[in-house]
Every structure is written in structure tokens, then in C-alpha cells.
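**Q** Structure in C-alpha cells, see below.
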Amino acid sequence: MNTQEKKAYLRQYRAIKNEVDSLKCEIEEIKDLRRSLSGIDYGKDRVQSTPSDNLINSICTQEKLEERLLKKINEGMARLDDISKCVDVMADPSERAILRYKYFTQMTWEDIASKMYISRTKVISIHGTALKNFAVHRK
Numbered sequence: 475m476n477t478q479e480k481k482a483y484l485r486q487y488r489a490i491k492n493e494v495d496s497l498k499c500e501i502e503e504i505k506d507l508r509r510s511l512s513g514i515d516y517g518k519d520r521v522q523s524t525p526s527d528n529l530i531n532s533i534c535t536q537e538k539l540e541e542r543l544l545k546k547i548n549e550g551m552a553r554l555d556d557i558s559k560c561v562d563v564m565a566d567p568s569e570r571a572i573l574r575y576k577y578f579t580q581m582t583w584e585d586i587a588s589k590m591y592i593s594r595t596k597v598i599s600i601h602g603t604a605l606k607n608f609a610v611h612r613k
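Residues 475 to 613 in the working numbering are what the sequence shown lists, from first letter to last.
Structure below.
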């Protein structure tokens with residue numbers, strides 16, 4: 475795997491994380507919608523004692539959608555874990571930190587340098603070494 479492919483692999487982390495976060499928001503919206511559904515209308519002359527077919531169908535549809543989204547979240551979390559493990563096994567803690575800051579939290583070179591109390595140039599140098607040492611461990 476060349477340097478560009480390694481960078482692309484690491485960049486997946488942020489994209490997957492964003493997707494997982496958006497799926498979680500979507501699930502919360504589904505739950506809010508489900509909570510807003512009403513089953514009994516006491517304002518009518520005849521009180522409806524059982525939920526309507528439309529209500530039941532709507533709830534079933536929402537549950538199926540939620541299950542599908544949860545499956546996607548679990549798949550995404552597994553991929554995040556795979557990428558993270560590849561960084562975790564690296565020997566040098568500075569290299570691990572820089573790869574995490576750069577690709578997992580999308581910090582700038584300047585912010586990483588400030589956080590690690592080293593120069594921007596040194597961060598970029600360690601990053602280059604980290605990419606050389608980085609290996610993808612496929613299942």
C-alpha cells in the first residue's frame with residue numbers, strides 16, 4: 475500500500491464517523507416521530523379502543539427502518555474499530571498521536587504542533603515516518 479492509499483484509508487475514519495453520527499440522528503428523529511403518534515382519539519363520539527391499521531403499519535415501518543439503520547451503525551462502528559486498531563499497534567506513541575489528530579479529529583498541522591509542543595515542521599516529519607510505518611491489518 476503506497477502513501478496515498480494509506481492516507482485514503484485513514485481518511486475513511488472521519489467519513490465513516492460522520493455517517494454513523496448522521497444515522498444516530500436519523501434514529502432519534504424516528505423515535506421522536508413514534509412518540510408523536512397517537513392511537514386513541516377521545517374527541518370523537520365513538521372512542522377508538524384499538525390502534526388503527528395505519529398506526530400499526532407506521533410503527534412497523536419505523537421499526538424496520540430503525541433496525542436497518544442500527545445495522546449500518548454497527549457495520550460503521552466495526553470499520554472504525556478496524557482503522558483504529560491499525561493505528562493502535564504502531565510502536566511510536568508520537569506517530570500514533572499524530573495520525574489520530576490528523577485523520578480522526580482532523581486537526582491542522584498547527585493545532586497538532588501546539589498540542590504536542592513541537593514545531594509544525596517536526597509534526598509533518600513525524601507524520602511522514604508514521605505513514606511509512608503504518609500498515610493495514612486486514613481480517
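Quick reminder that beta carbons are idealized off the backbone N, C-alpha and C, glycines included.
Is it right to say Ala604 is buried, meaning 16 or more other beta carbons lie within 10 angstroms of its own, or is it exposed?
**A** Reading the sequence shown from its first residue, position 130 is the one you call residue 604. Flag for Ala604 reads buried.
**Q** Using the C-alpha atoms, what's the distance from Lys546 back to Leu539?
**A** Taking the first residue of the sequence shown as position 1, residue 539 is located at position 65. Taking the first residue of the sequence shown as position 1, residue 546 is located at position 72. When rounded, the distance between both Cα atoms is 11 Å.
**Q** To which residues of the same chain is Leu543 closer than 7 Å at the C-beta, ignoring the five residues directly before and after it?
**A** Sequence index remark: in the sequence shown, residue 543 carries index 69 (1-based). Cβ within range, chain order: Leu497, Glu500, Ile501.
**Q** Taking just the CA atoms, how far does Asn607 sit from Glu537?
**A** In the sequence shown, counting from the first residue as 1, residue 537 sits at position 63. In the sequence shown, counting from the first residue as 1, residue 607 sits at position 133. Cα to Cα, Glu537 sits roughly 45 Å from Asn607.
**Q** Excluding sequence positions up to five away, which residues of its chain have a Cβ less than 8 Å from the Cβ of Lys480?
**A** As a working note, residue 480 is residue 6 in the sequence shown. Hits under 8 Å: Leu605, Phe608, Val610.
**Q** If you draw a straight line from the alpha carbon of Ile490 to that of Leu554, how long is it in whole angstroms?
**A** Counted from its first residue, the sequence shown places residue 490 at position 16. Counted from its first residue, the sequence shown places residue 554 at position 80. Distance between the alpha carbons of Ile490 and Leu554 is about 7 Å.
**Q** Among Asp495, Met590, Ala552, which residue has its Cα nearest to the Cα of Lys576?
**A** Within the sequence shown, residue 576 is the residue found at index 102, counting from 1. Measuring from the Cα of Lys576, the nearest candidate turns out to be Met590.
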